[in-house]
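S.K.: Okay, here's the structure, questions in a sec.
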Amino acid sequence: MAIKLPIYMDNHATTPVDPRVVDAMLPYFHEKFGNSASRNHAFGWAAEEAVENARAQIARLINATPKEIIFTSGATESNNLAIKGVAEMYREKGNHIITQVTEHKAVLDTCKRLEKYGYEVTYLPVAKDGRIDLDDLRRAITAKTILITIMYANNEIGVIQPIAEIGKIAKEKGVFFHSDGVQAAGKIPVDVQKDGIDLLALTAHKLYGPKGCGALYVRRRNPRVQLASIIDGGGHERGMRSGTLNVPGIVGFGKAAELCQNEMPEESQRLRGLRDRLKDGIFAALDEVYINGSMIYRLPHNLNISFAFVEGESLLMGINDVAVSSGSACTSATLEPSYVLKALGVGEDLAHTSIRFGLGRFNTQEEVDYVTGRVAEVVTRLRELSPLYEMAKEGMDLSKMNWKTA
Amino acid sequence: MAYSDKVVEHYNHPRNVGSLPKEDPNVGTGLVGAPECGDVMKLQMRINPETQVIEEAKFKTFGCGSAIASSSLATEWVKGKTVDEALSIKNTDIVRELSLPPVKIHCSVLAEDAIKAAIGDWKKKHGAEVEEGDTARAHD
Numbered sequence: 112m113a114i115k116l117p118i119y120m121d122n123h124a125t126t127p128v129d130p131r132v133v134d135a136m137l138p139y140f141h142e143k144f145g146n147s148a149s150r151n152h153a154f155g156w157a158a159e160e161a162v163e164n165a166r167a168q169i170a171r172l173i174n175a176t177p178k179e180i181i182f183t184s185g186a187t188e189s190n191n192l193a194i195k196g197v198a199e200m201y202r203e204k205g206n207h208i209i210t211q212v213t214e215h216k217a218v219l220d221t222c223k224r225l226e227k228y229g230y231e232v233t234y235l236p237v238a239k240d241g242r243i244d245l246d247d248l249r250r251a252i253t254a255k256t257i258l259i260t261i262m263y264a265n266n267e268i269g270v271i272q273p274i275a276e277i278g279k280i281a282k283e284k285g286v287f288f289h290s291d292g293v294q295a296a297g298k299i300p301v302d303v304q305k306d307g308i309d310l311l312a313l314t315a316h317k318l319y320g321p322k323g324c325g326a327l328y329v330r331r332r333n334p335r336v337q338l339a340s341i342i343d344g345g346g347h348e349r350g351m352r353s354g355t356l357n358v359p360g361i362v363g364f365g366k367a368a369e370l371c372q373n374e375m376p377e378e379s380q381r382l383r384g385l386r387d388r389l390k391d392g393i394f395a396a397l398d399e400v401y402i403n404g405s406m407i408y409r410l411p412h413n414l415n416i417s418f419a420f421v422e423g424e425s426l427l428m429g430i431n432d433v434a435v436s437s438g439s440a441c442t443s444a445t446l447e448p449s450y451v452l453k454a455l456g457v458g459e460d461l462a463h464t465s466i467r468f469g470l471g472r473f474n475t476q477e478e479v480d481y482v483t484g485r486v487a488e489v490v491t492r493l494r495e496l497s498p499l500y501e502m503a504k505e506g507m508d509l510s511k512m513n514w515k516t517a
Numbered sequence: 249m250a251y252s253d254k255v256v257e258h259y260n261h262p263r264n265v266g267s268l269p270k271e272d273p274n275v276g277t278g279l280v281g282a283p284e285c286g287d288v289m290k291l292q293m294r295i296n297p298e299t300q301v302i303e304e305a306k307f308k309t310f311g312c313g314s315a316i317a318s319s320s321l322a323t324e325w326v327k328g329k330t331v332d333e334a335l336s337i338k339n340t341d342i343v344r345e346l347s348l349p350p351v352k353i354h355c356s357v358l359a360e361d362a363i364k365a366a367i368g369d370w371k372k373k374h375g376a377e378v379e380e381g382d383t384a385r386a387h388d
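Structure representation (structure tokens):
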């Protein structure tokens, strides 16, 4: 089979919309375009029915009830709503929030803002494998703690946190548990009952749905979670999120969730096979390559590798017919490499050499083999160009050098 | 971010990649940057002590495409120049030639530093006569 270039292997950033999802959405642009809040004509009713159907599809994916699903514009908004909504609503009870250092910026920066308003935030460290220590979590909880927010799986390294254990601790201590479920939902089983999750942020575009459409699961029983809204207006979504609903997006989100649920057993196994093939191929072709984060507690479609002595951005430039992303931040003005890798204790030198591969529904074995070959070829070429590789081969200890930094 | 054609050209066909014997009294070695910063350049020049002309230049660079292109260009430019001429190369010349965007200016600064460090190393070898030891690690 001929390979079509460029190859997309950056499915943690976003996923293509599944053609079956597009088909489901199309009638809701022109034919059934009604506002789901229009209660007095057929256009509104059709839109409302479609939204409620999607709500049920999404609820089923995470073992929730449809009423517990609140639609938003995406996971950034969902994380903001969960954290700020709880913080404001339960201010009387306490002002302490617990999170961890490898969260997405949508969580970290929301917490930082709350710190400005007098909230206290504990940022738990992670071990070398990328997971938090549950004893650290237990110790961090105080009488003032109102929320624990820990992501389900990380967007860079795919590492899955001990979610069910966190849920249990949260329940014991009477603290709400919010999780950013963006990378996990639709890819691995996520069950808000078994996992003890009270709030869960989701987005359509990471599971083969459209961009601009997200959801927040908000538990209604045992315990009931109340949220202060952050967007005021017409009182949509049980008052938690005003604004006319993105009906075509929501329909697509629902369909995408249903497809993920139906295909997950087969799909996750297939992607795990491809991911392991990619890993094994790279390790067979190159020395001095290192996996970042746990290989046990990891999303089946994620691989994050440091290619020592080769700067990540230059590697991306070499494999320009493959779309992946780099933990190096040479593109940004700060020159700071990935804070996630730094949190694992990966040295900054190795953090600059890391590449994230995110496999997805539409990747094939042929593509994996092509990418393996390209990576091996370009890394080999760049190492010929790398003074660090030369010095390491001469037996110098690079960490002991007195580097002149600008 | 899109790279300029010249950066891509140097990245795909880097000029003068390699190493010169750093113990050679006529070879000056500049090693600048740091792995933690994502950029390390090693620039070496063989300089004729009689004429002060740079007869040969080699580089190896760990860094992004712009860093590789900046050092590749630097070797091209210094070859055939006298030491004083090479010292007059400014990072802004490199920025202009490669159309580097603002976030990549540090790559050109590093290349200028590498030229100065390599010549400095050569001068040290000649001014103070050849010292024992590893002069490649000029920053020890």
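Residue numbers (my numbering), protein chains in the order written: chain A, 112 to 517; chain B, 249 to 388. All C-beta atoms, glycine included, are put in the ideal place defined by N, C-alpha and C.
For LYS305 (chain A), I'd like the list of residues in its chain whose CB is within less than 7 Å of its CB, leaving aside the five on either flank, ordered along the chain.
M.R.: For the purposes of this step, residue 305 (chain A) is taken as the residue at position 194 of the first sequence. Correct list, in chain order: ALA275.
S.K.: Which chain B residues are close to SER425 (chain A), counting only those with a beta carbon under 7 Å from its beta carbon?
M.R.: Translated into positions along the first sequence, residue 425 (chain A) becomes position 314. What SER425 (chain A) touches in chain B: GLY311, CYS312, GLY313 and ILE316.
S.K.: How long is the line joining the alpha carbons of LEU78 (chain A) and LEU410 (chain A), rounded to whole angstroms?
M.R.: The shown model of chain A, from 112 to 517, leaves out residue 78 (chain A), and the question about it has no answer.
S.K.: Can you name, in chain order, every residue of its own chain whose Cβ lies under 8 Å from the Cβ of LEU427 (chain A), other than the five neighbours on each side?
M.R.: Translated into the one-based positions of the first sequence, residue 427 (chain A) becomes position 316. The residues are VAL435, SER436, SER437 and ILE466.
S.K.: Among A:PHE154, A:LEU389 and A:ASN357, which one has its Cα closest to the Cα of THR475 (chain A)?
M.R.: Numbered from 1 along the first sequence, position 364 holds the residue referred to as residue 475 (chain A). If we check each option's Cα against that of THR475 (chain A), A:LEU389 comes out closest.
S.K.: Under 8 Å: do the segment 295-309 of chain A and the segment 402-416 of chain A share three or more Cβ pairs, one atom per stretch?
M.R.: Yes: the two stretches touch, three or more of their Cβ pairs being nearer than 8 Å.
S.K.: Residues of the segment 259-289 of chain B with a CB closer than 8 Å to any CB of chain A: list them in chain order, please.
M.R.: Here the close residues are TYR259, PRO262, VAL265, SER267, LEU279, VAL280, GLY281, ALA282, PRO283, GLU284, CYS285, GLY286, ASP287, VAL288 and MET289.
S.K.: Just to confirm, is the Cβ distance from VAL255 (chain B) to LEU358 (chain B) under 7 Å?
M.R.: Within the second sequence, numbered from 1, the residue matching residue 255 (chain B) stands at position 7. Within the second sequence, numbered from 1, the residue matching residue 358 (chain B) stands at position 110. No, the Cβ-Cβ distance between VAL255 (chain B) and LEU358 (chain B) is not below 7 Å.
S.K.: For the beta strand (DSSP E) containing THR210 (chain A), list its first residue and its last residue.
M.R.: Within the first sequence, the letter at position 99 stands for residue 210 (chain A). Element bounds for THR210 (chain A): 207-211.
S.K.: Once you ignore the five residues that flank SER379 (chain A) on each side, which residues in its own chain have a CB closer than 6 Å to its CB?
M.R.: Taking the first sequence and counting its residues from 1, one reaches residue 379 (chain A) at position 268. Taken in chain order, the residues that qualify are PRO411.
S.K.: Go ahead and label LEU116 (chain A) buried or exposed: buried means 16 or more other beta carbons lie within 10 angstroms of its beta carbon, across all protein chains shown.
M.R.: As a first step, residue 116 (chain A) must be located in the first sequence, where it is residue number 5. Burial call: exposed.
S.K.: Hey, ASP361 (chain B) and VAL301 (chain B): beta-carbon distance below 7 Å or not?
M.R.: For the purposes of this step, residue 361 (chain B) is taken as residue 113 along the second sequence, with counting starting at 1. For the purposes of this step, residue 301 (chain B) is taken as residue 53 along the second sequence, with counting starting at 1. Taking 7 Å as the Cβ cut-off, ASP361 (chain B) and VAL301 (chain B) do not qualify as a contacting pair.
S.K.: Output the residue ranges of the beta strand (DSSP E) runs that lie fully inside the segment 430-505 of chain A and measure 3 residues or longer, sorted by chain position.
M.R.: Complete beta strand (DSSP E) runs here, min 3: 465-469.
S.K.: In chain order, what are the residue ranges of uninterrupted alpha helix (DSSP H) at least 4 long that sit wholly in the segment 278-312 of chain B?
M.R.: Those alpha helix (DSSP H) runs which fall completely within the segment 278-312 of chain B and span 4+ residues do not exist here.
S.K.: Candidates A:PHE154, A:MET502, A:MET507 and A:LEU470: which alpha carbon is nearest ARG383 (chain A)'s?
M.R.: Position 272 of the first sequence, counted from the start, is the residue given in the question as residue 383 (chain A). Nearest of A:PHE154, A:MET502, A:MET507 and A:LEU470 to ARG383 (chain A), Cα basis: A:LEU470.
S.K.: Give the DSSP bridge partners of GLY276 (chain B), in chain order.
M.R.: One-based indexing of the second sequence puts residue 276 (chain B) at position 28. According to DSSP, GLY276 (chain B) bridges with B:MET293.
S.K.: For chain A, find out if any of its Cβ atoms is closer than 7 Å to the Cβ of LYS338 (chain B); answer yes or no.
M.R.: Position 90 of the second sequence, counted from the start, is the residue given in the question as residue 338 (chain B). No, LYS338 (chain B) lies away from the interface with chain A (no Cβ there is under 7 Å from its Cβ).
S.K.: Can you pull the chain B residues whose beta carbon is under 8 Å from the beta carbon of PHE420 (chain A), in chain order?
M.R.: Locating residue 420 (chain A) in the first sequence gives position 309, where the first residue counts as 1. PHE310, listed in chain order.
S.K.: Compare the Cα-Cα distances from GLU374 (chain A) to each of A:PRO448, A:LEU172, A:LEU245 and A:ASN146 and report the closest residue.
M.R.: Working through the first sequence from its first residue, we reach residue 374 (chain A) at position 263. The shortest C-alpha separation from GLU374 (chain A) is found at A:LEU172.
S.K.: Given this structure, state the Cα-to-Cα distance separating GLY506 (chain A) from TYR500 (chain A), to the nearest angstrom.
M.R.: Stepping through the first sequence from its first residue, residue 506 (chain A) is reached at position 395. Stepping through the first sequence from its first residue, residue 500 (chain A) is reached at position 389. Those two C-alpha atoms are separated by around 10 Å.
S.K.: What are the start and end residues of each continuous alpha helix (DSSP H) run of 4 or more residues lying completely inside the segment 193-272 of chain A, in chain order?
M.R.: You should have 216-227 and 245-251.
S.K.: Which residues does DSSP pair with THR183 (chain A) in a beta bridge?
M.R.: Locating residue 183 (chain A) in the first sequence gives position 72, counting from the first residue. DSSP lists A:GLY325 as partners of THR183 (chain A).
S.K.: Within its chain, find whatever has a CB closer than 6 Å to the CB of MET289 (chain B); leave out the 5 residues flanking it on each side and keep chain order.
M.R.: Against the second sequence, residue 289 (chain B) aligns to sequence position 41. So the qualifying residues of the chain are VAL280, GLY281, THR309, SER319, LEU358 and ALA362.
S.K.: Listing by chain order, which chain B residues have their CB less than 7 Å from the CB of LEU95 (chain A)?
M.R.: This structure gives no information on residue 95 (chain A), because the portion of chain A shown stretches from 112 to 517.
S.K.: Would you grab the beta carbon distance between GLY325 (chain A) and SER147 (chain A) for me? Rounded to a whole angstrom, and I think it's under 8 Å.
M.R.: Here residue 325 (chain A) is taken as the residue at index 214 of the first sequence, counted from 1. Here residue 147 (chain A) is taken as the residue at index 36 of the first sequence, counted from 1. That belief does not hold up - the Cβ atoms of GLY325 (chain A) and SER147 (chain A) are roughly 16 Å apart, past 8 Å.
S.K.: Going straight from the alpha carbon of ALA322 (chain B) to that of LYS453 (chain A), what length do you get?
M.R.: The sequence position of residue 322 (chain B) within the second sequence is 74, counting from 1. The sequence position of residue 453 (chain A) within the first sequence is 342, counting from 1. Each residue's alpha carbon lies about 33 Å from the other.
S.K.: Starting from GLU400 (chain A), follow the beta strand (DSSP E) in both directions and report where the run begins and ends.
M.R.: Position 289 of the first sequence holds residue 400 (chain A). It should be noted that the sequence gives Val, not Glu, for residue 400 (chain A). Counting along the chain, the beta strand (DSSP E) containing VAL400 (chain A) begins and ends at 400-402.
S.K.: Can you pull out the residues from the segment 455-467 of chain A whose beta carbon lies closer than 7 Å to at least one beta carbon of chain B?
M.R.: Hits within the stretch, in order: GLU459, ASP460 and HIS463.
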